[in-house]
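Engineer: Mapping of the sequence shown onto the numbering used here: residues -3 to 138, in sequence order.
Here it is, the structure in full.
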Amino acid sequence: MLLPGIFRNNLMDDWMDDMFQTSFGTKQKSPMSVDVQEFGDKYRIDFELPGYEKGDICADLNNGYLTVSAVRTQNKEHKDDNSTYIRRERYVGNCQRSFYVGENITEEEIHANFKNGILQIEIPKKEARAEVETKRHIAIEG
């Protein structure tokens, strides 16, 4: 069965969550929130990526692991009339999440769609097979 480890509690998960505590004692949220749903014949993973464009997002399948990453670059410049810099700001942000989906899934079987800041990926349920796929890129529609 696919994605069995997503729903299992793990002591390491709690320990890693504590690593992201701020000095005020509140936890930092992941920049990529994820919802996982199970249906009769498939799983659906929704990745929240507000402010990202489709071209900023990459989904790959490598040895049974689905990895979604996103990179965003923002450049703001404010100048006065003499073209002297008053303020320059640059921001580069990236985030990444990986899920084990099984070694029997191929990139052709995974359907990905990006719309309104939500990347929705559907993965069919399949029985395990002995052969392992190499790294493959997944096309994102939208």
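Even glycine gets a Cβ: it sits at the ideal position worked out from N, Cα and C.
It should be emphasised that the depicted structure is a prediction, and the values quoted were computed from it without experimental measurement.
Less than 8 Å between the beta carbons of Tyr134 and Ala66, yes or no?
Structural biologist: What you label residue 134 is simply residue 138 of the sequence shown in a count that begins at 1. What you label residue 66 is simply residue 70 of the sequence shown in a count that begins at 1. Here residue 134 is Ile; the residue named in the question, Tyr, does not match the sequence. For Ile134 and Ala66, no; Cβs fall outside 8 Å.
Engineer: Check Glu104 in the structure and name its three-state DSSP category.
Structural biologist: Locating residue 104 in the sequence shown gives position 108, counting from the first residue. Reduced to three states, the DSSP call for Glu104 is helix.
Engineer: Just to confirm the assignment, what range does the beta strand (DSSP E) spanning Asn58 have?
Structural biologist: Taking the first residue of the sequence shown as 1, we reach residue 58 at position 62. Counting along the chain, the beta strand (DSSP E) containing Asn58 begins and ends at 53 to 58.
Engineer: Do you know how far the Cα of Ile114 is from the Cα of Phe70?
Structural biologist: Start at 1 with the first residue of the sequence shown, and residue 70 comes out as number 74. Start at 1 with the first residue of the sequence shown, and residue 114 comes out as number 118. Looking at the sequence itself, residue 70 is Gln, so the reference to Phe does not match. If I take the Cα positions, the gap works out to 20 Å.
Engineer: Name the DSSP beta bridge partners of Val30, please?
Structural biologist: Working through the sequence shown from its first residue, we reach residue 30 at position 34. DSSP lists Phe43 as partners of Val30.
Engineer: What number of angstroms, rounded off, separates the C-alpha of Glu104 from the C-alpha of Tyr39?
Structural biologist: If you number the sequence shown from 1, residue 104 lands on position 108. If you number the sequence shown from 1, residue 39 lands on position 43. A straight-line Cα-Cα distance of about 15 Å links Glu104 and Tyr39.
Engineer: What do you reckon, are the CB atoms on Ile119 and Ile106 nearer than 8 Å?
Structural biologist: The count along the sequence shown starts at 1 and reaches residue 119 at position 123. The count along the sequence shown starts at 1 and reaches residue 106 at position 110. Yes, Cβ-Cβ distance for Ile119 and Ile106 is below 8 Å.
Engineer: Closest to Phe43 by C-alpha separation, out of Val64, Gly51, Gly36, Asp52, would be which residue?
Structural biologist: Start at 1 with the first residue of the sequence shown, and residue 43 comes out as number 47. If we check each option's Cα against that of Phe43, Val64 comes out closest.
Engineer: Would DSSP call Lys111 helix, strand or coil?
Structural biologist: Walking along the sequence shown from the start, residue 111 turns up at place 115. Three-state DSSP puts Lys111 in a strand.
Engineer: Measure from the alpha carbon of Phe35 to the alpha carbon of each residue in Phe110, Lys122, Arg93, then state which is nearest.
Structural biologist: Numbered from its first residue, the sequence shown carries residue 35 at position 39. With distances taken between CA atoms, Phe35 lies nearest to Lys122 out of Phe110, Lys122, Arg93.
Engineer: For Lys141 versus Asn58, is the C-beta distance shorter than 8 Å?
Structural biologist: No answer is possible for residue 141: it lies beyond the span of the chain, which begins at -3 and ends at 138.
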